[in-house]
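Scroll down for the structure; my scribbles are underneath it.
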Amino acid sequence: MTATADRKVRSNREAGARAGGPVDSIDAAGLGRARAAGLVAPALVLVLAFLVVPAAWTVYLGVTDYRLTGIQAANPEFVGLDNFTAALADPDFRNSLWLTLLFVLGSAIVGQTVAGFALAWTLRTVPKLVRSVVETLVLLAWILPSSIVAFLWVAYLSGDGGTLNAMLQTSGTEWLLEHPMASIIVFNTWRGTAFSMLLFSAALGAVPPSQLESARLAGAGAFAQLRDVVLPHIRGHVLTNTLLISLWTFNDFSPYLLTAGGPNHASETLPVFIYNKALYGGQLGYGSAISFIMLLINLVIALFYVRLLRERR
Amino acid sequence: MASIRIDGLTKVYPGDVTAIDGLDVTVEDGSFFALLGPSGCGKTTLLRTIAGLEEASGGSISIGDRDVTRLAPGDRNVAMVFQDYALFPHMTVTDNIAYPLRIKKVGRSERAAKAAETGEGLGLSALMARRPGELSGGQQQRVALARAMACQPDVFLLDEPLSNLDARLRLEARTFLKRLQKDLGVTTVFVTHDQSEALAMADQIAVMEAGRIRQLGTPSEIFRRPANTFVANFIGSTPMNMLPGKLVGGVLQVGALEGVDAVAAGWAGREAPDGEVTVAFRPEYARVDGKGPLVFEGTVETTESLGASVLVTARTDDGQRVQVVVPEGEEPEVGAVVGVAPASGRVLVYDAEGELLSPSSSVP
Ligand SMILES: Nc1ncnc2c1ncn2[C@@H]1O[C@H](COP(=O)(O)OP(=O)(O)O)[C@@H](O)[C@H]1O
Ligand SMILES: [Mg+2]
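Order-wise, the sequence lines are chains Z and D. Position 287 of the first sequence, counted from 1, bears residue number 287 in our numbering, the numbering being contiguous throughout. Position 208 of the second sequence, counted from 1, bears residue number 521 in our numbering, the numbering being contiguous throughout.
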């Protein structure tokens with residue numbers, strides 16, 4: 001009995017060794033393949049139903065001339081890669097891609113990261129009350145529903161009695177019409193900074209104060225302290241933060257609530273472009289093809305960051 | 314190299330916590346100076362205020378002939394070794410040691426040479442390419458010391474330098490630190506709550522309580538003649554014997570015994586006013602053979618081995634506890650009646666306020 005059990009253990013272990021690692025790291029819980037599969041099955045079904053199937057459906061629609069109305073609505077035809085080639089040749093699409101890039105760079109990678117870090121860095125040393133008030137305000141911008149903040153911003157930027165014009169004494173300036181991209185970039189920076197601020201606050205809290213003080217004693221100024229002590233500690237957080245906020249910003253639809261992509265496509269980022277094409281223009285097939293392109297871009301961004309994160313470790 | 318002069322230094326933290334309370338002290342050039350005291354007495358705060366990491370609320374600090382009270386930490390030319398060593402985890406040992414030089418814009422090759430030289434002096438040559446995570450606690454400490462030494466500061470500040478080492482290594486590090494300090498000759502202030510560490514390493518000890526210095530002196534002064542009952546209680550690996558006594562007409566009495574002054578150290582005699590006093594002597598400075606001018610009769614309650622010696626605890630007829638350290642093998646049986654006799658010239662007398670009644674200047 002004991003001998004058999006012993007032999008079994010040994011053969012298991014050998015199998016583990018053959019597979020290239022200790023037994024424990026392969027099946028730490030000792031579930032076995034079947035039971036492990038049973039446990040993850042519900043999650044897999046959900047992923048399949050709500051992620052894979054719609055994505056596949058989008059891919060399918062992307063190669064048809066499906067429309068919201070008309071004959072193609074009833075009888076969509078297979079058009080191959082026509083939608084994709086059309087998109088690449090479409091100046092509106094290329095304009096939109098460029099605007100999206102500006103939007104992500106300006107409001108996420110520069111705006112939210114810099115503002116979030118600056119807030120987190122300065123709030124470390126201010127009195128507790130000031131800190132709480134500022135944090136609450138910044139958080140409010142993040143958690144209020146888009147429709148509400150969009151309404152507030154439309155009122156704020158309005159040419160006719162808008163708060164900004166009143167403050168700058170520039171009565172009559174239609175910010176959303178005259179500077180649509182700048183407006184949505186500032187808006188999205190304001191709206192999304194809370195996440196970066198929270199993430200960086202937590203990250204900065206984990207930087208050992210004694211290391212900062214050692215640097216100070218050596219004569220390091222603020223910049224050298226950031227470069228030599230803070231950044232090396234929070235590099236992973238910076239990457240994670242940049243990944244998340246650039247994906248969110250890339251897919252963000254709220255600029256539509258301010259400018260609807262206008263005037264004349266001047267602030268039409270990709271999500272808005274798809275909405276305008278597919279639901280206003282009724283070109284569901286074309287819209288799906290562009291959605292698929294967006295999906296690919298998301299994937300590329302994500303893979304890029306995951307790669308960077310791995311290299312660090 | 315420089316002395317440190319501190320005048321009327323006060324540090325009040327937000328929330329009205331007075332951590333340093335009008336403190337005056339001078340640390341001589343080249344001395345190894347210990348700040349000793351119980352947890353929370355303000356040792357770390359004092360050290361950090363000298364470094365400039367905390368801003369003084371009042372008073373002044375001079376290093377050499379420079380008033381540094383309002384200078385930034387980086388301009389004071391001091392180096393500090395933190396309790397957790399504070400090495401930069403992403404830099405190699407070389408880069409860590411050379412960091413202060415890099416900030417001072419010393420060239421790369423000169424930096425590397427200086428780091429190698431300093432590292433070699435501390436036995437780190439084989440580890441220069443490693444990162445702190447790949448070093449033992451003792452090695453990390455030496456890297457931290459090397460980083461502090463590399464820029465040749467006027468003053469070293471060490472916060473509980475031995476507390477993160479295991480007991481064995483701690484003894485080694487004591488000897489090592491003391492020798493290093495003597496070799497470098499740099500004025501060094503270190504913080505410890507361990508009286509034996511301070512006694513073993515320092516040239517001068519400041520015993521602190523609640524943000525003030527209660528006694529300043531050499532280890533032997535502090536051990537032999539604690540200036541007050543606080544220091545007397547704090548110093549020594551076995552607690553000081555403290556017995557209530559009385560002064561009547563300039564003659565000392567403890568319980569029924571009279572004429573304790575015959576054995577008192579540097580006793581000021583009739584000048585002291587009559588009243589309640591505390592008579593104290595160290596367990597190490599007494600015997601149990603009942604021979605001497607002053608003998609307390611008592612019954613042995615317990616005996617505890619201290620290794621090479623034994624701590625004997627006896628209780629006198631009037632209920633006082635007295636402890637004596639006797640050589641191993643010479644301890645009496647539990648229950649035996651012994652005569653505890655403090656050595657002549659080792660008995661200290663403290664007044665009702667707990668201050669030593671004999672002027673310390675009269676120490677032999
Ligand atoms: N940053 C701080 N803010 C408020 N009080 C502090 C701070 N640091 C220390 N203290 C208080 O100051 C006193 C002295 O602390 P510290 O210098 O750390 O003592 P030690 O090093 O002797 O243990 C303590 O009462 C402590 O609670
Ligand atoms: Mg301390």
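Backbone N, C-alpha and C fix where the C-beta goes; we use that ideal spot for every residue, glycine too. Remember, predicted model here, so these are calculated numbers, not experimental data.
- In the DSSP assignment, the residues bridged to G652 (chain D) are D:D602, D:E610.
- Contact residues of the stretch 190-222 of chain Z toward chain D are P208, S210, Q211, E213, S214, R216, L217, A218, G219, A220 (C-beta to C-beta distance below 7 Å).
- In this structure, K417 (chain D) has its CB at a distance of at least 7 Å from all heavy atoms of ligand 2.
- For A332 (chain D), the CB falls within less than 7 Å of some heavy atom of ligand 1.
- For the stretch 445-469 of chain D, the set of residues with a beta-carbon nearer than 8 Å to any beta-carbon of chain Z comprises R460, C464, in chain order.
- R537 (chain D) places its beta carbon 8 Å or farther from that of M514 (chain D).
- The beta carbons of T405 (chain D) and A442 (chain D) sit about 5 Å from each other, so the pair counts as a contact at 8 Å.
- Rounded to the nearest angstrom, the Cβ distance from T323 (chain D) to D334 (chain D) is 6 Å, consistent with a contact under 8 Å.
- When secondary structure is reduced to three states using DSSP, T125 (chain Z) falls in the coil class, being assigned neither helix nor strand.
- Scanning its chain for C-beta atoms nearer than 7 Å, with the 5 sequence neighbours on each side dropped, one finds around S146 (chain Z) the residues S254, L257, in chain order.
- With a threshold of 8 Å between beta carbons, L669 (chain D) makes no contact with chain Z.
- For D397 (chain D), a Cβ of chain Z is located within less than 8 Å of the residue's own Cβ.
- Shortest gap from the CB of E473 (chain D) to any heavy atom of ligand 2: under 7 Å.
- In terms of side-chain proximity, the C-beta atom of K128 (chain Z) is found no nearer than 7 Å to any non-hydrogen atom of ligand 1.
- In this structure V138 (chain Z) is in contact with A194 (chain Z), their Cβ atoms being roughly 5 Å apart against a cut-off of 8 Å.
- Around the CB of K604 (chain D), fewer than 16 other CB atoms lie within 10 Å, so the residue is classed as exposed.
- Here the distance from the Cβ of V59 (chain Z) to the nearest heavy atom of ligand 1 is not below 7 Å.
- Contact between the stretch 162-176 of chain Z and the stretch 86-101 of chain Z is not established, with fewer than three Cβ pairs separated by less than 8 Å.
- The C-alpha of L157 (chain Z) is placed about 11 Å away from the C-alpha of M167 (chain Z).
- Counting only runs of 4 or more residues that sit fully inside the stretch 444-490 of chain D, the alpha helix (DSSP H) segments are 450-463, in chain order.
- For V564 (chain D) and T551 (chain D), the gap between their C-alpha atoms comes out near 29 Å.
- Between V520 (chain D) and V544 (chain D), the C-beta gap is smaller than 8 Å, which places the two residues in contact.
- Distance check between D630 (chain D) and each of D:L560, D:T612, D:G343 places D:T612 closest, using alpha-carbon atoms only.
- Not a single C-beta of chain Z is nearer than 8 Å to the C-beta of I410 (chain D).
- In this structure, V468 (chain D) and V391 (chain D) form a Cβ contact; the two beta carbons are roughly 4 Å apart against a cut-off of 8 Å.
- DSSP places Y280 (chain Z) outside any beta strand (DSSP E), giving it a letter other than H or E.
- A direct Cα-to-Cα measurement between G261 (chain Z) and V47 (chain Z) gives close to 32 Å.
- The nearest non-hydrogen atom of ligand 1 is 7 Å or more from the C-beta of T362 (chain D).
- At a cut-off of 7 Å, the beta-carbon of V306 (chain Z) does not count as near ligand 2: no heavy atom of the ligand is closer than that.
- Per the DSSP secondary-structure output, Y256 (chain Z) pairs with nothing in a beta bridge.
- One thing to note: R444 (chain D) has its Cβ no nearer than 8 Å to the Cβ of P413 (chain D).
- For Q169 (chain Z), the three-state secondary structure derived from DSSP is coil.
- Judged by beta-carbon spacing, A332 (chain D) lies within the 8 Å limit of G524 (chain D), meaning their Cβ atoms are closer than that value.
- Collapsing the DSSP output to three states places F594 (chain D) in a strand.
- Set against 7 Å, the gap from the CB of S352 (chain D) to the closest heavy atom of ligand 1 is smaller.
- With three or more CB-CB distances shorter than 8 Å, the stretch 75-89 of chain Z counts as touching the stretch 279-291 of chain Z.
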